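Peer 1: Residue numbers (my numbering), protein chains in the order written: chain A, -7 to 264; chain B, 1372 to 1745.
1) Counting only beta-carbon atoms, is residue 1488 of chain B nearer than 9 Å to chain A?
2) Ignoring anything shorter than 3 residues, give me the beta strand (DSSP E) runs that lie fully in the region 1413 to 1461 of chain B, in order along the chain.
3) Out of curiosity, what's the CA-to-CA distance linking residue 1397 of chain B and residue 1456 of chain B?
4) Judging by CA-CA distance, which residue of B/1414, B/1393, B/1391, B/1433 is the nearest neighbour of residue 1399 of chain B?
5) Is any beta-carbon of chain B found at less than 9 Å from that of residue 34 of chain A?
6) Taking Cβ to Cβ, would you say residue 1566 of chain B is nearer than 9 Å to residue 1512 of chain B?
7) Quick one, which of A/236, A/4, A/79 has its alpha-carbon nearest residue 301 of chain A's?
8) Using a beta-carbon distance cut-off of less than 8 Å, what residues from the region 134 to 163 of chain A approach chain B?
9) Applying the 10 Å Cβ sphere with the 16-neighbour rule, what's the burial state of residue 185 of chain A?
10) Note down, in chain order, all residues in the region 1426 to 1450 of chain B with a beta-carbon under 7 Å from any beta-carbon belonging to chain A.
11) Rounded to a whole number of angstroms, what is the C-alpha to C-alpha distance between residue 168 of chain A and residue 158 of chain A?
12) Can you tell me which of the three DSSP states residue 1719 of chain B falls into?
13) Quick one: residues in its chain with C-beta nearer than 7 Å to the C-beta of residue 1441 of chain B, no 5 flanking neighbours on either side, listed in chain order?
14) From which residue to which residue does the beta strand (DSSP E) around residue 173 of chain A run?
15) Could you have a look at residue 1559 of chain B and say whether DSSP puts it in helix, strand or coil?
16) If I follow the unbroken beta strand (DSSP E) through residue 1386 of chain B, where does it start and stop?
17) So which of B/1639, B/1654, B/1671, B/1708 has the shortest CA-CA distance to residue 1681 of chain B?
18) Along chain A, which residues have their Cβ under 9 Å away from the Cβ of residue 1467 of chain B?
19) Does the beta carbon of residue 1740 of chain B come closer than 9 Å to any beta carbon on chain A?
20) Would you mind listing the alpha helix (DSSP H) stretches within the region 1496 to 1543 of chain B that are 4+ residues and don't spill past its ends, in chain order?
21) List, from N- to C-terminal side, the beta strand (DSSP E) runs of 3 residues or more that fit wholly inside the region 1549 to 1595 of chain B.
22) Residue 146 of chain A and residue 89 of chain A - do their beta-carbons sit closer together than 9 Å?
23) Does any residue of chain B bring its CB to less than 9 Å from the CB of residue 81 of chain A?
24) From residue 1585 of chain B to residue 1536 of chain B, what does the alpha carbon distance come to, in whole angstroms?
25) Give, in chain order, every residue of the region 1568 to 1600 of chain B whose Cβ lies closer than 8 Å to some Cβ of chain A.
26) Report yes if the CB atom of residue 1734 of chain B is closer than 9 Å to the CB atom of residue 1661 of chain B, and no otherwise.
27) Measuring CB to CB, does residue 1674 of chain B end up less than 9 Å from residue 1710 of chain B?
28) Can you find a C-beta in chain A that's less than 9 Å from the C-beta of residue 1464 of chain B?
29) Please list the terminal residues of the continuous alpha helix (DSSP H) segment that includes residue 134 of chain A.
30) Does chain B have any CB closer than 9 Å to the CB of residue 89 of chain A?
31) So that I know if they touch, is there some Cβ in chain B lying closer than 9 Å to that of residue 86 of chain A?
32) Against chain A, which members of the region 1622 to 1649 of chain B pass a CB distance test of less than 9 Å?
33) CA-CA distance, residue 53 of chain A and residue 126 of chain A?
34) Could you please tell me which residues of the region 1470 to 1487 of chain B, in chain order, have their CB closer than 7 Å to any CB of chain A?
35) Comparing the C-beta of residue 1535 of chain B with each C-beta of chain A, is any distance below 9 Å?
36) Mapping the DSSP letters down to three states, classify residue 1601 of chain B as helix, strand or coil.
So this is what it looks like as structure tokens:
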């Protein structure tokens, strides 16, 4: 009886959360097919006819093609470099390299530091270095993402028994072969989680590209959407349509890697 | 016999010391292992047996001392340059690889041609009777099967030295007995120099050609299972080997007209004249008398062949009926003496019992050095 009651309560909580998360998405998609007057007359009503004109206009006016490409470059390069550097660093920290405990404390400190504190000094530095462009944004994305990624991967690698590595060492593998052929596949979900989180972080980032990317050719999709808004009036239909377009790749990516992502977040919970 | 040529090698440890910070794990290990020999490192937890094995493997570097394979010093060589294999306690099979890939891994690392890899993997799998499991992943295997995979991976490279770190300790009791004999048979077949670490004396006695008994970072005795059991070098070895444990009783040595008297607080045992010369330096001194429970017999269960014997008396304090054996705890006054006898004998608690001691099987240890004198 008690078990059944718990199940019912769980369902109620889950449905409430799912509704509060999905309802805005529903409204977003619904209104992306409406005209401006339809949106303002009743945002909850179905459109008279499902027209893709908002999508076509948004793609053209916001230059979303260029924005999506830049977002992809930012997200994917950040993900690749973060995963690579964090992986190697986390491996060393998990295997108690000299000074590990100090490094971990330092990383935790970095992790708690609000990004806005360093935004202006970073801009000044990067401006002087001529890096107020996509490359600069990628470098900062990687740098700011590293502390969390290293700590996440370290906890993952700690769960791999030392004997697993030593067996490979005895069998003749060198450190790199052990990393690539044993550690990496075993901690695959951890690495994919870090990669995915970094990609999504880069794809969705707003403040950093808004501050650093002044050249329209290098602006990301999120900034392109922001550019659609006007001082006195905004084309909400087009903005909604652009948001749907920009969200689609991330939804596909999440669904494709959902299994690893969940495994990654409960990292170390399964037995080797 | 291995698939190809055999590359057996003898292993020598010379004054190996290992410190971990302030802790001294090994206090000068000297050990010679002959080629093709099966040597067991036996001892309680924390005695340094696994550290010794890891130093032989190259996974740890000694603080002092040398490791020599044949004529080659390998003390500071990495594991891959030692031509060794190791089976770990947790098997350490890689969960993301199939059984085939697990076994083939060391060969792939050594860049052995594909056809040769295939041939050798199938040979090792057949030897370990896991041919039908080659396409499975470790999570689809039982503990015993994983253990076989680990052994197959270890022998597939035809190592000069095979190291095993408590490989049976994660298996259930029945499977352990089975694998014990299988590993021993396999070692005899492939004749590889094997160093096996365990804390289980039965494993050591049944598998080892020789046993090195270790305690507190030192080797206490090296010998065949027979020597270790019948001629223990000191109190530690005598107490560690044998179940139930050997009885230890403090006795004073006194010279009598026709022999030597061993006088304890509860009883006196008389040794024949031939012991006089052996114990003349200990007359008037205290020694430790060691008697194994299985070398004492209740009246009626004394073997006819027993020649030198004496008797002690006591009250039955407790009886453990194990089926095949009966363990009697005999109160002799101030001490409890454990006697192991036939399972058909069931004395009553409180009963007075006369026990015959086989004097040919007793041990006497120096009280100060704890070294065996007899």
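The beta carbon of each residue, even a glycine, is placed where N, CA and C say it ideally should be.
Predicted, not measured: the structure shown is a model, and the values here were computed from it.
Peer 2: So, from the data block:
1) Here residue 1488 of chain B refers to the residue found at position 117 of the second chain. Not closer than 9 Å to any Cβ of chain A, the Cβ of residue 1488 of chain B fails to qualify, so no.
2) You should have 1435 to 1440, 1455 to 1458.
3) Residue numbering aside, residue 1397 of chain B sits at position 26 when the second chain is read from its first letter. Residue numbering aside, residue 1456 of chain B sits at position 85 when the second chain is read from its first letter. For residue 1397 of chain B and residue 1456 of chain B, the distance between alpha carbons rounds to 22 Å.
4) Within the second chain, numbered from 1, the residue matching residue 1399 of chain B stands at position 28. If we check each option's Cα against that of residue 1399 of chain B, B/1433 comes out closest.
5) One-based indexing of the first chain puts residue 34 of chain A at position 42. Output row for residue 34 of chain A: interface = no.
6) Taking the first residue of the second chain as position 1, residue 1566 of chain B is located at position 195. Taking the first residue of the second chain as position 1, residue 1512 of chain B is located at position 141. For the pair residue 1566 of chain B and residue 1512 of chain B, the CB atoms are not nearer than the 9 Å cut-off.
7) Only positions -7 to 264 of chain A appear in this structure, which leaves residue 301 of chain A out of reach.
8) 153, 155, 156, 158, 159, 160, 161, 162, 163
9) Position 193 of the first chain, counting from 1, holds the residue named residue 185 of chain A. Counting Cβ neighbours within 10 Å, residue 185 of chain A comes out buried, since at least 16 surround it.
10) 1428, 1430, 1450
11) Within the first chain, numbered from 1, the residue matching residue 168 of chain A stands at position 176. Within the first chain, numbered from 1, the residue matching residue 158 of chain A stands at position 166. Using only the alpha carbons, I get a separation of about 13 Å.
12) For the purposes of this step, residue 1719 of chain B is taken as the residue at position 348 of the second chain. Correct three-state label for residue 1719 of chain B: coil.
13) Within the second chain, the letter at position 70 stands for residue 1441 of chain B. Excluding residues within five positions, the ones whose Cβ falls inside 7 Å are 1380, 1381.
14) Residue 173 of chain A sits at position 181 when you count from the first residue of the first chain. Segment: none, residue 173 of chain A is in no beta strand (DSSP E) and carries neither H nor E.
15) Stepping through the second chain from its first residue, residue 1559 of chain B is reached at position 188. Here residue 1559 of chain B sits in helix by DSSP.
16) Position 15 of the second chain, counted from the start, is the residue given in the question as residue 1386 of chain B. It spans 1382 to 1391 - the beta strand (DSSP E) in which residue 1386 of chain B sits, taken as one unbroken run.
17) Taking the second chain and counting its residues from 1, one reaches residue 1681 of chain B at position 310. Taking only the C-alpha atoms, the option nearest residue 1681 of chain B is B/1639.
18) The residue labelled residue 1467 of chain B in the question sits at position 96 within the second chain. Chain A residues near residue 1467 of chain B: 174, 177, 178, 180.
19) Your numbering for residue 1740 of chain B matches position 369 in the second chain. It does not; no Cβ of chain A falls within 9 Å.
20) 1514 to 1526
21) 1564 to 1569, 1581 to 1586, 1589 to 1594
22) Working through the first chain from its first residue, we reach residue 89 of chain A at position 97. Working through the first chain from its first residue, we reach residue 146 of chain A at position 154. In this structure, residue 146 of chain A does not lie closer than 9 Å to residue 89 of chain A by Cβ.
23) Residue numbering aside, residue 81 of chain A sits at position 89 when the first chain is read from its first letter. No, because no Cβ of chain B sits closer than 9 Å to the Cβ of residue 81 of chain A.
24) Position 214 of the second chain, counting from 1, holds the residue named residue 1585 of chain B. Position 165 of the second chain, counting from 1, holds the residue named residue 1536 of chain B. Taking the straight line from one Cα to the other gives about 15 Å.
25) none
26) As a first step, residue 1734 of chain B must be located in the second chain, where it is residue number 363. As a first step, residue 1661 of chain B must be located in the second chain, where it is residue number 290. Yes, these two residues count as a Cβ contact at 9 Å.
27) The sequence position of residue 1674 of chain B within the second chain is 303, counting from 1. The sequence position of residue 1710 of chain B within the second chain is 339, counting from 1. No, the Cβ-Cβ distance between residue 1674 of chain B and residue 1710 of chain B is not below 9 Å.
28) Along the second chain, one-based indexing puts residue 1464 of chain B at 93. Residue 1464 of chain B counts as touching chain A.
29) Locating residue 134 of chain A in the first chain gives position 142, counting from the first residue. Here the alpha helix (DSSP H) through residue 134 of chain A covers 126 to 150.
30) If you number the first chain from 1, residue 89 of chain A lands on position 97. No, no contact with chain B.
31) By one-based count along the first chain, residue 86 of chain A stands at place 94. Not closer than 9 Å to any Cβ of chain B, the Cβ of residue 86 of chain A fails to qualify, so no.
32) Within the region 1622 to 1649 of chain B, no residue has a Cβ lying closer than 9 Å to any Cβ of chain A.
33) Taking the first chain and counting its residues from 1, the one referred to as residue 53 of chain A is at position 61. Taking the first chain and counting its residues from 1, the one referred to as residue 126 of chain A is at position 134. Cα to Cα, residue 53 of chain A sits roughly 21 Å from residue 126 of chain A.
34) Considering only beta carbons, the part of the region 1470 to 1487 of chain B lying closer than 7 Å to chain A consists of 1476, 1477, 1480, 1481, in chain order.
35) In the second chain, residue 1535 of chain B corresponds to position 164, counting from 1. Residue-level contact check: residue 1535 of chain B does not touch chain A, since none of the beta carbons of chain A fall below 9 Å from its beta carbon.
36) For the purposes of this step, residue 1601 of chain B is taken as residue 230 along the second chain, with counting starting at 1. Helix, per DSSP.
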